[in-house]
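Here UniProt numbering is used: position 125 in the sequence shown is 125, and no number is missing along the way.
In what follows, a single structure is set out as C-alpha cells and then discussed.
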Amino acid sequence: MAPTTVTPTATITTTGIVMTDGTAHLVRLLSWLSPAFPVGAFAYSHGLERAVHDGLIEDRSALTDWLSEIVQSGSGWNDAILLAEAWRLASRGESCAAIAELAEAMVGTRERHRETMLQGEAFGQAVAHWTGEAIGPMPYAVAIGQAAARHGIALDQALAGFLHAFTANLIQAAIRLVPLGQRDGVLSLAALEPIILATARRASLATLDDLGACTLMSDIVSMRHETQYSRIFRS
Numbered sequence: 001m002a003p004t005t006v007t008p009t010a011t012i013t014t015t016g017i018v019m020t021d022g023t024a025h026l027v028r029l030l031s032w033l034s035p036a037f038p039v040g041a042f043a044y045s046h047g048l049e050r051a052v053h054d055g056l057i058e059d060r061s062a063l064t065d066w067l068s069e070i071v072q073s074g075s076g077w078n079d080a081i082l083l084a085e086a087w088r089l090a091s092r093g094e095s096c097a098a099i100a101e102l103a104e105a106m107v108g109t110r111e112r113h114r115e116t117m118l119q120g121e122a123f124g125q126a127v128a129h130w131t132g133e134a135i136g137p138m139p140y141a142v143a144i145g146q147a148a149a150r151h152g153i154a155l156d157q158a159l160a161g162f163l164h165a166f167t168a169n170l171i172q173a174a175i176r177l178v179p180l181g182q183r184d185g186v187l188s189l190a191a192l193e194p195i196i197l198a199t200a201r202r203a204s205l206a207t208l209d210d211l212g213a214c215t216l217m218s219d220i221v222s223m224r225h226e227t228q229y230s231r232i233f234r235s
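Following this line, the structure appears as C-alpha cells:
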C-alpha cells in the first residue's frame, strides 16, 4: 500500500511571509523533533553507554555501523513501522490504543520501556500547545505518528524526521561517551542520511507483518546498562 501524502493547497500568511501548508507542516514537525522540545531525549542513550563501556564502540566507524543496524534492523525499524501504523489509524479517525499496546509490549528491556513511555508521555503533554489537549500516554513513536496525522503532516516527512532525530540524539550521546569530536559526529550523521531516508521509505510501505529485529547485542547492552554502577544516561 502506497503511503498517503498531504498536497499543499492553501497558503498561510504571517508577518508578510507566504508559506504553503506543506512548509508550515514541516516547520511544526521540526519543532516537535527539535532537541529543545521537552521530551527529555538527551537523558537516554538507548544502551549506547554500555556499548561504549564494553568496548564495542570506540570510534566513528564503529558508531556509524552500530546506528546503521539499529535504524535498518533494530528498534529504529520497528518504531518506524509502529509510527506509520499509528499515522494511518489516526488519519482515518480510528483509535491508536491497540497499536500503542503492541508498541509497549514489543519493548525488550526495562530501560527502553521507560525511555519510550516517558518520552511519549512528555511529547503528548508538550504537543498540547498545538492541539489543545494532551495525547496519550503512549509509546513515543506512536504518539508522534498520531499527532502527525492529526496535523496533516505527511507520513514520509514524519518517518524521516523521527529517524533523523533518533539518530542525531544517539550521535550526541556518543560524542560525550566515546568521546568523539563534533566533526566526527557530523561525518557519522552524513554517512547515515541515505540509510535514514531509505528506511523511512521502506517503513512507509511496510505493514505490521514486517515487524521484527535482529540486533541482539543492542538489546543485551541495554539490559546490562540496568545494573551498570556508574553512568550518565538513564538507558
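C-beta: ideal position from N, C-alpha, C; glycine also.
Check: Every unbroken alpha helix (DSSP H) inside the region 103-155 [4 residues or more]; Outcome: 110-126, 128-131, 140-150
Check: Where VAL186 falls, given that 16 or more other Cβ within 10 Å makes a residue buried; Outcome: exposed
Check: Residue span of the alpha helix (DSSP H) that contains GLN182, given as start and end; Outcome: 182-205
Check: For ALA143 and GLY136, believed in contact at Cβ under 8 Å, the rounded distance; Outcome: 5 Å
Check: Close beta carbons around LEU211, own chain, < 6 Å, minus the five adjacent residues each side; Outcome: ASN78, ILE81
Check: Residue span of the alpha helix (DSSP H) that contains THR64, given as start and end; Outcome: 60-73
Check: Counted within 10 angstroms of its Cβ, other Cβ atoms place residue 250 as buried (16 or more) or exposed; Outcome: Residue numbering for the chain in the displayed model covers 1 to 235; residue 250 lies beyond these limits and cannot be assessed.
Check: Residues near MET223 by beta carbon distance below 6 Å, same chain, minus five either side; Outcome: THR109
Check: Rounded separation between ALA62 and GLU193 - CA only; Outcome: 16 Å
Check: Inter-residue CB distance, SER73 and THR215 (contact presumed, cutoff 8 Å); Outcome: 6 Å
Check: THR23 versus ILE196, ARG176, ALA154, residue with shortest Cα-Cα distance; Outcome: ALA154
Check: Three-state class that DSSP yields for GLY40 in the structure shown; Outcome: coil
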